[in-house]
Each structure stands twice: as C-alpha cells, then as structure tokens.
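> Going by my numbering, the first residue of the sequence shown is number 355, and it counts up by one from there. I have a structure here, written as structure tokens, and I will follow up with some questions on it.
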Amino acid sequence: MVEKELYMKVLECMQDEQPLARKLKIFQEKNFQVIGDMIIKAVLEEIPKVDNIQLKQVVCMYLRYSQEQYSRLTYDDLCVLVSEEIVRFKTYPADEYLQVEQTYYEIKNKYCSTIAKIENEMNRIDELIKVDKDHPQLCGSLIKKQNALHAKNNANKSLLKDLKKIEDEYYTLFDLIQENYVYREMLKYAKDKIEAYFEGTILLENEENVRCSLRKIAIELAREENEDVKNYKSGFIDYDTCLKSWENAVKSIYKPFYMVKMRKFNDDIEEFYFQEANGTYWNKIEELIELCKEKSAAILDSDQWIRLRTQNPDQYVQELKKYIVEYQVVDYIRQKMDELYCLQNRKNILQTIIDSFETQKYIVFMNLVVIQIEGLFYDMFVDANIQNRLDGQFDLFEKDDLRSKMEKNDTGMGIEEAALYFKFYFNSMLRNKVAHGRNCFREGEYERISLELLLDLQYVIHLLEKHSDTNEAVEYVKHTVRWLEFSFKGEATKEQIYEKILNSLNGNVIKHRMASIGYVDSHQELYWIFNPYYEDAYVYDGVVEQRDKLREYLMEENFWDYVLKYLQSYDEQKISHIKLKQEFKSRVKAIQAYAAKNKRTVLPLISEVSKAIDNMQLSEAG
C-alpha cells in the first residue's frame, strides 16, 4: 500500500499546472500516451522515493480500479490514463498553446495600437488648446484666435461697436475650445483606465514570463471541454472587450455621445437573440442571426449620427423623433418607473419630467432631467454596491457632483461610453450650463437637446436596471425556486433539490447572462435570501413567498442530513459528484448564525456539518 502522504504528493505533482507548464515537450506532442509518459518521468524525477510500481498503484487507487484491472494495466495504458483521467486533458496542450499564443499577440498589438492612437490624438488637441502665458506664440491655434479676439475687442472703442456679434463669436470659439478640453480629458481618462486595467496582467509581463503564463493557460484550457467555460477561463475575451469598448469610445468626442443613446436598442437585440436561441429559433440559429443582423442594421451607428447632425440638422431632429416613437422610449421609461423598486423614490419627479416632455415644455424638461440623471447615478451607485456595504465596505458619496458619482459607478461595470460621456461631455457641456444658469442654447435647439436628453434618460434607467442589486435579487428569487424544483425531465425529487443547493453553495453552478458566463456567487445569494435589507424590494415586487421558500429549503433538517452524509463519504482526492470548496465553510457558518436566531431545531445538524468541514482540506474557490 502507498502511504497517504506519498499518494497525495504524487497526485499533486501530476495535476499541478506549474510543473506541467515547464515541460516544453508536452506542448510539442499530440499523443496522450507520449504525453503521459512525459508526465510520469517528470514525477519520478520530482519525487525520487517513488517508483513505477507505486505510481501505478496511486493511479489505480485514484480511479478505484480492482486488483484484476490493476494486473491487466500495461505501461502504455497507464500513460494514457495519466493524461486523460488524472491530469484530465480533453484536448492537446499543443493545440491550445498555438491558439492562446496567437490570441495573446493579437490582443497585445491591439493594446499598443490603442494607446498610440490615443496619445496621437491628445497631441493633436494640444496643438489647438495649449496655453503658454509666457510665450503666447507657442499657444495652440484656438487659443491664439481667442487672444486675437480679445485684443480686437479691446482696441475697438467705437460708439457703434457690434458687441452682440463679438459676443456670439466669442461664445462659439469658447464652446469649441471647451469641447476640445473635454475631449482631451476623455482621452486621458481612457488611457489611464486602459493602463490600469492591464497593469499586472499577462499583456505587460516580460517575454520570458509570458511564455510560462501562456503554457499554464494552455494546460488549463486543455482540461476543459466546454467552449463557453474555456473562453471564460482564458481571460482574453475580457481583454478584447475592454480594448474594443475604449477604442470605439475615443474615436471622436461624439462617439460616446451616440453610443449612449443607442445602447438600449442594441442591448435589446442581444437579449432578443439569447432568448430566442433557446426558444422559437433553438434549431434555426442561422435564421436568427440574420434576423438580428437586420435589426442591428436598422439602428444608425455613431458615425452615421454624427454625419446626419452635421450635414442635415432638420433631418437629424426628425430621425431622433422617429427612434423615440418606434422604439417606444417614453413607454419604456414609464414602465420601468412602475416596475423597478430602485426608482420609487424618484417616481413622482420622473413622472413630471416625462409629462413636460410630452407637452413640449422643453425648457422645463431640460432643467429637470439633467439634475435627475445625475441623481440616478447616485441611486445606481447605492443600489449596485449593497453587497460591498453588507461586507463592511461602507462607502457613500463624499462629493456631491456628477464626476465623483461617475468615478464610483464606472469601476468594473463595463460602461466605458457612459463614463466618457456623462463624466466629461454631459457634465461640462450640458449639466453645468443648465445648473449654472448660462442660457447658451438657442430657442430652436430646445427640441433637439430635449430629444437627445430623453435618450440619455432612457440609457441611465436601462443601466440602473442592469446593475441594480435589488432588481437582480428580485429576479434571482423569482427564478431560483423554479430552477430548484423543476428540470427538463419534470418535477425534481427532494434529493435533486438538495444536490442543486449544495452545488450552488459551493459556487459550482454556471450562470449564463446574455453574452457573459461565470459561476454563481453563493455569498451574494445568501444575502439575497436572508438579509432584511431586501425586504422592501421583495414586498414591492410580490416575491416574499418565493424568498421564504428558499429559506425553508436551507433550514430543512433533511437537507443538512443530506449534506452531512455527503461530507462523511467525501474523498478529496477523487473526482467528486459535487466539488466542495474552501468557501463552503464560511457559507455554512453564515447559515449557522441565522439558524441560531431563527430556527434552533436545525442548529445541531448544521453545527455537526460545520465541525465536519472544519476538519477537511478543501480546494480554493474557482
């Protein structure tokens, strides 16, 4: 018999990605027998006191082979088993490495190109707006024009001086300078955000470390057969998405301006795709893709909007009106005012805002909506960060301005266009002008600006819906009970329900959400089920009964009896039906604390489970 310590050491040596990644020959072979031979020889080299016979015993013990199976097992068969069953390769590391390497260099080049483009554009703007009081000849061209206008006005003492013309000229130039200042701020912000995002990532590692990191990624991907999970684990999709978002948003000051306004319409198409792919079009994906392409083509992109606004202002206004009517923007806002609990504190003022728009009281609408948009970003920060505050990170706004609100909200939310538009353009070119009483808009512009602002309002409400923790909690409660109690085969048994709960508490459940994929956050789920902060939202949405049912399942003695029996039969070195993770310990203790105050009858069982897992060595989350 092999000692337990040696047994675990051999398995760890074979399964550890770090030493596997150092074996370059693994990435040159496409034969599991040969790869297994390499791994075995590496283990024998790494652990001198183990021999071929002991290693064979470890593998057979791990796979629970009988004595007869052990006797019949040849060395070549052993090599294949090591590759396919112990290391659990589903594909060849060589193939995965080639793909990973190619993707890495594509992203690396895109990163360097994006940073270079932003820097070049910042330099171009500097040639327009830089200020040098000591050397006026070195100022930017727009600043020189401004200085010349000042000098011309100061020199003109005529009784009949056309001051109105001079003022109009000045304001036109001032707005152009201000616009360039804002755009440069946007570019600098984007550059800083991109660099911060990629700091410490593989993209900024030195060449030597990159190779090793790529091999480790390839090893992990070779073990995974689910393509969605592969993409999730590689991280490259996130890198590419980040770069695409910032790159698009900084091509022009007006790019984020229209990306914001069209976002809801484009997201609706994406949502339509994912809903229909599992519904009406589940066996007609190509047809669904073509339909979505048609829908997408009907929406003007940022460049088209920019050209239309510049070349045909009247048609531009008509197009805005058409979108608002065809896509039922007002109806959407009214609907969300009723549906979303997080909007209830602003419902009355939002109602007034929409009424003023529909009655064409555009000055009233403009003055009210810019302030409420700012307020909605505050609401979003508060609602989206409930979990952080529950975890002790109690952070609310110290500064009551839009920029600070955006700084809070743009972290980790994937809202690059919103950060650029609202933090800079909206704040400086719209919000400040309205709030500070500078009536710089011509009467003919009120309608256009109101149409644009209505689309901004729609965007912020759409964003709030996506990132609202209370809204996500309500949706979780609505759908989870059905997920627990039913499957494709019909009504689930109690044991199947308990199995799902245990899997969820260990973060083993994969969650699809639109185009994203990841594992459930059981820590977050427990807050949704037990914390009283969400009670008002559940009452408002009428899901208290479903929430109570989730509590009941977690407080059932039969469930904890099931968990205890599973723990008692759990072998940490085997491929388990339900993988237990380190995080499970804290989840159990949290539920234990709730039971101590609310259902003491089940407390002894939970305490027994807690003691059992305290004595277990569980893997880290992930």
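For glycine and all other residues, C-beta sits at the position ideal for the given N, C-alpha and C.
#1: As a quick exercise: from S804, D657, E523, pick the residue whose alpha carbon is nearest that of V724.
#2: Where Q946 and D895 are concerned, what is the direct C-alpha to C-alpha distance, given to the nearest angstrom?
#3: List the endpoints of the continuous alpha helix (DSSP H) containing F711.
#4: Which same chain residues end up closer than 6 Å to R802 when comparing Cβ atoms and leaving out the 5 residues on each side of it in sequence?
#5: Just mark W882 as buried or exposed, buried being the case when its beta carbon has 16 or more other beta carbons within 10 Å.
#6: Using C-beta distances below 8 Å, list every residue in its chain close to L662, excluding the 5 sequence neighbours before and after it, in chain order.
#7: Taking all protein chains shown into account, do 16 or more other C-beta atoms lie within 10 angstroms of the C-beta of I851, making it buried, or fewer, making it exposed?
#8: Please go through the same chain and pick out, in chain order, the residues whose beta-carbon is closer than 8 Å to the beta-carbon of K943, but skip the five residues on each side of it.
#9: Report yes if the C-beta distance between S650 and M613 is below 7 Å; otherwise report no.
#10: Using a Cβ-Cβ cutoff of less than 6 Å, which residues in the same chain neighbour I740 once the five nearest sequence positions on both sides are dropped?
#11: Quick one: using the 10 Å Cβ neighbour count with 16 as the cut-off for buried, is F840 buried or exposed?
#12: Tell me, please, whether the stretch 442 to 451 touches the stretch 513 to 527 by the rule of three or more beta-carbon pairs shorter than 8 Å.
#13: Can you tell me whether DSSP reads S841 as helix, strand or coil?
#14: Quick one, are the C-beta atoms of V718 and V828 less than 7 Å apart?
#15: Once the 5 residues before and after P958 are set aside, which same chain residues still bring their CB inside 8 Å of it?
#16: Quick one: measure Cβ to Cβ for I932 and E853, integer angstroms, because I've assumed they're closer than 8 Å.
#17: Buried or exposed: where does N969 fall if 16 or more other Cβ atoms within 10 Å of its Cβ makes it buried?
#18: Determine contact between the stretch 563 to 581 and the stretch 360 to 374, defined as no fewer than three beta-carbon pairs at a distance below 8 Å.
#19: Pick out whichever of N507, D546, F590, K690 has its Cα sitting closest to the Cα of T457.
#20: Would you call the stretch 379 to 391 in contact with the stretch 400 to 407, where contact means no fewer than 3 C-beta pairs closer than 8 Å?
#21: In the DSSP assignment, the alpha helix (DSSP H) including Y512 goes from what residue to what residue?
#22: Can you tell me the Cα-Cα spacing of E438 and V412, whole angstroms?
#23: Using a Cβ distance threshold of 8 Å, determine whether the stretch 675 to 684 contacts the stretch 806 to 815, with at least three qualifying pairs required.
#24: DSSP on L417, reduced to helix/strand/coil?
#25: Determine whether the beta carbon atoms of I967 and K939 lie at a separation below 7 Å.
#26: Give me, in chain order, the residues of the same chain whose beta-carbon lies closer than 7 Å to that of Q665; leave out the 5 immediate sequence neighbours on both sides.
#27: Can you check whether the CB of L722 is closer than 7 Å to the CB of I707?
#28: Whose C-beta lies closer than 6 Å to the C-beta of L360 among residues of the same chain, with five residues either side of it excluded?
#29: According to DSSP, is L645 helix, strand or coil?
#30: Would you kindly check if the distance between the Cβ of Y775 and the Cβ of P667 is under 7 Å?
#31: Considering only C-alpha positions, which residue in the set E460, L838, V893, A949 is nearest to L557?
#32: Following the continuous alpha helix (DSSP H) through C367, name the residue where it begins and the one where it ends.
#33: Look up R426 in the DSSP assignment and say whether it is helix, strand or coil.
#34: Look at Y813 and R617 and say whether their C-beta atoms are less than 7 Å apart.
#35: Please return the same chain residues whose Cβ sits closer than 6 Å to the Cβ of K615, not counting the five positions on each side in sequence.
Reading from the atomic positions:
#1: S804
#2: 28 Å
#3: 701 to 712
#4: V671
#5: buried
#6: L654, Q669, Y670, E673, listed in sequence order.
#7: buried
#8: S964
#9: no
#10: D823
#11: exposed
#12: no
#13: Residue state, collapsed to three classes: strand.
#14: no
#15: none
#16: Right, the Cβ-Cβ distance comes to about 7 Å (below 8 Å), so this counts as a contact.
#17: Exposed, since its Cβ has fewer than 16 Cβ neighbours within 10 Å.
#18: Segments in contact, yes.
#19: F590
#20: no
#21: With the sequence shown as reference, residue 512 is identified as Ser, and Tyr is not the correct amino acid for it. Taken as a continuous stretch (DSSP letters only), S512 belongs to no alpha helix (DSSP H), as it is neither H nor E.
#22: 15 Å
#23: The stretch 675 to 684 vs the stretch 806 to 815: in contact.
#24: The three-state secondary structure of L417, taken from DSSP, is coil.
#25: yes
#26: none
#27: yes
#28: none
#29: helix
#30: no
#31: E460
#32: From DSSP, the alpha helix (DSSP H) with C367 extends over 358 to 369.
#33: helix
#34: yes
#35: Within its own chain, the residues whose Cβ lies closer than 6 Å to the Cβ of K615, once the five positions on either side in sequence are excluded, are L809, listed in chain order.
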